[in-house]
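Colleague: The structure is given below, and queries will be raised subsequently.
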Ligand code: MN
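Numbering (this note's numbering), first residue to last: 108 to 357.
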């Protein structure tokens, strides 16, 4: 959505903005937003279209899981976030990143809902971006940073997989970076996001059961191993560069 379109869109009544119809319009207008790493994500939020087909990550991640995960789970976070902000016009101009970075200033009665659902929107937007590839290994500045901060690609792969396997309950295992490009590993519970600490996710994996249960049931380790085969290292390298440049949206 262009800024002009967004302004026009936002000039509609709050009630219209909150309706499912306007959510559908936002969905259509945001087509392609997921391929723009610097796209400013603002209210009313919408689920970005997948930059590849539902089948693109087969056989590591089946199309049915992609469909339910993207079309239902991600949409639920977005819908809940929009509903929470509906009567808070003072928060509606804040980009998603700022909502999370300034979560302590969000009114207490909606703070947890915003934290969970803005985090869910940010985490899933990242998640779709980093997949759709053919695995392999990173190159360029990201490869050099991985070597510097973890020792080797094999080491970060092993460590991230171990962190992901040990997340108790629902959460994420992420490689995050600060603005200087320093990488670190982190496990996040629920839909918590590094953005609340002023850090960026470079890439990472969703270990909620909804991400893998249809195909893998309780075999989380098999899902974790298969996930590395669909990463798009070109894209992940672009996220790393954008994070350092301060232009990464989420
Ligand atoms: Mn998920």
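Note that CB positions come from ideal geometry on N, CA and C, so glycine has one too. The structure presented is a predicted model; accordingly, all values stated were derived computationally and were not measured.
With DSSP as the reference, label residue 157 as helix, strand or coil.
Modeller: DSSP places residue 157 in coil when its eight states are reduced to three.
Colleague: Say the cut is 6 Å; is the CB of residue 180 nearer than that to a heavy atom of ligand 1?
Modeller: Yes.
Colleague: Which partner residues does residue 279 have in the DSSP bridge list?
Modeller: Per DSSP, 295, 313.
Colleague: Just to check my reading of the structure: residue 331 and residue 311 have Cβ atoms closer than 8 Å, yes? What is that Cβ distance to the nearest angstrom?
Modeller: No, residue 331 and residue 311 are not in contact; Cβ-Cβ is about 12 Å, not under 8 Å.
Colleague: Quick one: what's got a C-beta closer than 8 Å to residue 145's C-beta in the same chain, skipping five residues either side?
Modeller: Excluding positions up to five away in sequence, the list reads 349, 354, 355, 356.
Colleague: Using CA atoms only, rank isn't needed, just tell me which of 285, 340, 199 is closest to residue 260.
Modeller: Nearest option by C-alpha distance: 340.
Colleague: Using a Cβ cut-off of 7 Å (strictly closer), state whether residue 230 contacts chain C.
Modeller: The structure shown contains no chain C; it is built from a single protein chain.
Colleague: Report buried or exposed for residue 313, applying the criterion of at least 16 other Cβ atoms within 10 angstroms of its Cβ.
Modeller: Classification for residue 313: buried.
Colleague: Return the CA-CA distance between residue 300 and residue 229, expressed in angstroms with no decimal places.
Modeller: Going by the C-alpha atoms only, they are around 8 Å apart.
Colleague: Starting from the Cα of residue 193, find the closest Cα among 172, 217, 182, 181 and give me that residue.
Modeller: Measuring from the Cα of residue 193, the nearest candidate turns out to be 217.
Colleague: Here's the rule: buried if 16 or more other CB atoms are within 10 angstroms of the residue's CB, otherwise exposed. What is residue 255?
Modeller: So residue 255 counts as exposed.
Colleague: State the Cα-Cα distance for the pair residue 279 and residue 238, rounded to the nearest angstrom.
Modeller: Answer to the nearest angstrom: the Cα atoms are 15 Å apart.
Colleague: For residue 324 and residue 205, what's the separation of their Cα atoms in angstroms?
Modeller: Rounded to the nearest angstrom, the two C-alpha atoms are 36 Å apart.
Colleague: On the premise that residue 334 lies in contact with residue 264, defined as a C-beta separation below 8 Å, what is that separation, rounded to the nearest angstrom?
Modeller: With a Cβ gap of about 10 Å, residue 264 and residue 334 do not count as contacting.
Colleague: Answer yes or no: do residue 188 and residue 302 have a C-beta to C-beta separation smaller than 7 Å?
Modeller: It is not a contact, given that the beta carbons lie outside the stated cut-off.
Colleague: Please report the distance separating the alpha-carbon of residue 247 from that of residue 196.
Modeller: Cα to Cα, the separation comes out at about 43 Å.
Colleague: In whole angstroms, what separates the C-alpha of residue 198 from that of residue 214?
Modeller: Between residue 198 and residue 214, the C-alpha separation is close to 10 Å.
Colleague: In this structure, does DSSP put residue 306 in helix, strand or coil?
Modeller: In this structure, residue 306 counts as coil in the three-state DSSP scheme.
Colleague: Please tell me whether residue 159 and residue 224 are closer than 7 Å, where the distance is taken between their beta carbons.
Modeller: No.
Colleague: How should residue 222 be labelled, buried or exposed, when 16 other C-beta atoms within 10 angstroms of its C-beta is the threshold for buried?
Modeller: So residue 222 counts as buried.
Colleague: Per DSSP, residue 290 forms a beta bridge with which residues?
Modeller: Looking at the DSSP assignment, residue 290 forms a beta bridge with 284.
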